[in-house]
Amino acid sequence: MPNIKPVSDLRNYNTVLGEVSYGNPVYLTKNGRGDYAIVNMKEYDELRAVKHLFSALEKGEASAREQGWVSVDDARKALGL
C-alpha cells in the first residue's frame, strides 16, 4: 500500500525519511494532491539509468526507421563476431 503523507509532515522529516526504503517511496501531497515523492537514492539512480536507456533505445529506433535496419549478419561483421 502506498505511503502517502501531507507535505506538512516534513516538519518531522527524520520520521518521514525513516519510512523511505528501496521499493517503498513516500508520496507527499500538497493541498490534497500528489506533488512530490521521496525515494531511496539507489532506487533513484536506477530510475535515472532506466530513463537514459529508454531514451537511447528511442533514438536507435528512430534512426532505424529513418535509415533502415541493420541485418544480424551485418551487425556481427561490424562487431567483429
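For the working numbering, count along the sequence shown from 1 and bump the result up by 1034. Cβ atoms here follow ideal geometry from the backbone N, Cα and C, with glycine treated the same way. Quick caveat: nothing in here was measured; it's all calculated off a predicted structure.
Per-residue burial, residue i [other beta carbons within 10 Å of its own, 16 or more giving buried]
i: P1036; result: exposed
i: L1062; result: buried
Between the CA atoms of residue j and residue i - distance to the nearest angstrom
i: E1092; j: V1041; result: 35 Å
i: E1080; j: A1098; result: 27 Å
i: E1100; j: A1090; result: 15 Å
i: Y1056; j: I1072; result: 11 Å
i: N1058; j: K1085; result: 19 Å
i: A1112; j: S1105; result: 11 Å
Delimiting residues of the alpha helix (DSSP H) encompassing residue i
i: Y1078; result: 1075-1101
i: G1052; result: 1047-1052
Closer than 9 Å to chain C by CB, residue i
i: N1046; result: No chain C is part of this structure, which consists of one protein chain only.
CB-CB length for residue i against residue j, believed under 8 Å
i: K1039; j: V1054; result: K1039 to V1054, Cβ: 11 Å. No contact.
Sequence-distant residues of its chain with Cβ nearer than 6 Å to residue i (five each side left out)
i: A1109; result: none
Endpoints, beta strand (DSSP E) assigned at residue i
i: V1060; result: 1060-1064
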